[in-house]
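*Asks:* Read in order, the letters of the sequence shown correspond to residues 10 to 258 in my numbering.
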Amino acid sequence: MKVLVPVKRVVDYNVKVRVKSDQTGVDIANVKMSMNPFDEIAVEEATRLKEKGTVTEIVAVSCGVAQCQETLRTAMAIGADRGILVQTDEELQPLAVAKILKALADKEQPQLIILGKQAIDDDANQTGQMLAALLGWPQATFASKVEVADGKATVTREVDGGLETLALTLPAIVTTDLRLNEPRYVTLPNIMKAKKKQLDTVSPADLGVDAAPRLKTLKVTEPPSRSAGIKVPDVAALVDKLKNEAKVV
Ligand code: AMP
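#1: Quick check: the Cα distance between Met85 and Gln207, rounded to an integer number of angstroms?
#2: Taking Cβ positions, are Glu53 and Ile87 nearer each other than 8 Å?
#3: With respect to the beta strand (DSSP E) encompassing Asp209, which residues constitute its N-terminal and C-terminal limits?
#4: What is the residue span of the alpha helix (DSSP H) that Thr185 lies within?
#5: Is Leu189 closer than 8 Å to Ile122 when the C-beta atoms are compared?
#6: What are the partner residues of Thr226, as DSSP defines its beta bridges?
#7: What does the alpha-carbon distance come out to for the pair Ala89 and Val70?
#8: For the ligand PLP, I want to know if Ser71 counts as a neighbour, meaning its beta carbon is within less than 7 Å of at least one of the ligand's heavy atoms.
#9: In chain order, what residues of the same chain have a beta carbon less than 6 Å from the beta carbon of Asp209, not counting five sequence neighbours either side?
#10: Need the endpoints of the alpha helix (DSSP H) that Glu99 sits in, please.
#11: Using alpha carbons as the reference points, say which of Gln148, Lys252 and Glu191 lies closest to Leu177.
#12: For the candidate residues Ala51, Thr136, Thr63 and Thr185, whose alpha-carbon lies nearest to that of Lys310?
#13: Straight-line CA distance for Leu58 to Arg223?
#14: Figure out for me which residue from Ala158, Gly170 and Thr174 has the closest Cα to the Cα of Val164.
#15: Excluding the 5 residues preceding and the 5 following Lys252 in the sequence, name in chain order all residues of the same chain whose CB lies nearer than 8 Å to its CB.
#16: Where does Arg188 sit, in a helix, a strand or coil, going by DSSP?
#17: What's the C-alpha gap between Val183 and Phe151?
#18: Hey, quick one: how far does the beta strand (DSSP E) through Ala75 stretch, first residue to last?
#19: Thinking just about the alpha-carbon of each residue, which of Ala245, Lys25, Asp31 and Asp48 is nearest to the one in Asn39?
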């Protein structure tokens, strides 16, 4: 069984992002970039399924600039067998990525596509759902446990007040939540091995996809900065402020 795992190159989660002065977006010049953390969990899950013998091939896909190759190499160091870079310098919105992945799914015929539940840069949480709709496949989002057997995936999801378990007929889409697994540490020998794995490059046009943005960002701004706290002399003053300034009691 073949699994497709889309991996996005995003600003590293440890970086404090800064908004550009012209408010058109965030500054990514000279900023550390890494694989989206939820996608690392997706690659790890696919690798564990392969180690169990359920999966035979893992194909990692990244859409974006040439440097996404590094993200694909990381995916291959974790356990992906090969990588596909869908290269473009244009901005890619979730719908465009979903269309690209649909075209690749038609070509590669995977039985399972495991995406992250959201990319930590745009926080869109849309690509997996849009892809499921475009392919007409069942989907289980925010997975905290995945089991695959006999042409079916059984997926547990954490919902308010408990766990929900879904049975999906393959082919299907799964998106990962934080508690699905803890990705392994990438070792140097595996990084070296990953360098020799196959990496193909195509363009959205090669796949027949119009990846032009459909949404226009009007502006991006910093959140308002928090004002400093104050000390109150006694409980009466605190209650007075809570009542008359904060208006919370
Ligand atoms: P989003 O809908 O943007 O929050 O992204 C959800 C998931 O879609 C990510 O965790 C990735 O698995 C996948 N994805 C989004 N954008 C890309 C991209 N440019 N390249 C590869 N995968 C992507």
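Glycine included, each C-beta is placed from N, C-alpha and C at the ideal position.
*Replies:* Looking at the atomic coordinates:
#1: In the sequence shown, counting from the first residue as 1, residue 85 sits at position 76. In the sequence shown, counting from the first residue as 1, residue 207 sits at position 198. Their Cα atoms are separated by approximately 9 Å.
#2: Here residue 53 corresponds to residue number 44 of the sequence shown, with the count starting at 1. Here residue 87 corresponds to residue number 78 of the sequence shown, with the count starting at 1. Contact flag set, yes.
#3: As a first step, residue 209 is located in the sequence shown; it is residue number 200 there, counting from the start. It spans Leu208 to Val211 - the beta strand (DSSP E) in which Asp209 sits, taken as one unbroken run.
#4: In the sequence shown, counting from the first residue as 1, residue 185 sits at position 176. Per DSSP, Thr185 lies in no alpha helix (DSSP H); the unbroken beta strand (DSSP E) holding it starts and ends at Ala181 to Thr185.
#5: For this step, residue 122 is matched to residue 113 along the sequence shown. For this step, residue 189 is matched to residue 180 along the sequence shown. One thing to note: Ile122 has its Cβ no nearer than 8 Å to the Cβ of Leu189.
#6: For the purposes of this step, residue 226 is identified with residue 217 of the sequence shown, where counting begins at 1. Looking at the DSSP output, Thr226 bridges to nothing.
#7: Taking the sequence shown and counting its residues from 1, one reaches residue 89 at position 80. Taking the sequence shown and counting its residues from 1, one reaches residue 70 at position 61. Rounded to whole angstroms, Ala89 to Val70 spans 10 Å at the Cα level.
#8: The model depicted lacks the ligand PLP and carries the ligand AMP instead.
#9: Position 200 of the sequence shown holds residue 209. Counting only Cβ-Cβ distances below 6 Å, and skipping sequence neighbours, we find Ile93.
#10: Mapped onto the sequence shown, residue 99 falls at position 90. Boundaries cannot be given for Glu99, as no alpha helix (DSSP H) includes it and DSSP labels it neither H nor E.
#11: Residue mapping note: residue 177 aligns to position 168 of the sequence shown, counting from 1. It is Gln148 whose Cα lies nearest to the Cα of Leu177.
#12: The displayed coordinates of the chain run from 10 to 258. Any statement about residue 310 would go beyond what the structure contains.
#13: One-based indexing of the sequence shown puts residue 58 at position 49. One-based indexing of the sequence shown puts residue 223 at position 214. Leu58 and Arg223 have their C-alpha atoms spaced approximately 36 Å apart.
#14: In the sequence shown, residue 164 corresponds to position 155, counting from 1. Nearest C-alpha to Val164: Thr174.
#15: As a working mapping, residue 252 is identified with position 243 in the sequence shown. Excluding five sequence positions before and after Lys252, the CB atoms of its chain that fall closer than 8 Å to its own CB belong to Val258, given in chain order.
#16: Counting from 1 along the sequence shown, the entry for residue 188 is found at position 179. Three-state result, Arg188: helix.
#17: In the sequence shown, the residue the question calls residue 183 occupies position 174. In the sequence shown, the residue the question calls residue 151 occupies position 142. The C-alpha of Val183 lies about 8 Å from the C-alpha of Phe151.
#18: Taking the sequence shown and counting its residues from 1, the one referred to as residue 75 is at position 66. Careful: Ala75 lies outside any beta strand (DSSP E) and carries neither H nor E.
#19: The residue given as residue 39 occupies position 30 in the sequence shown. Looking at the Cα atoms, Lys25 is the closest of the given residues.
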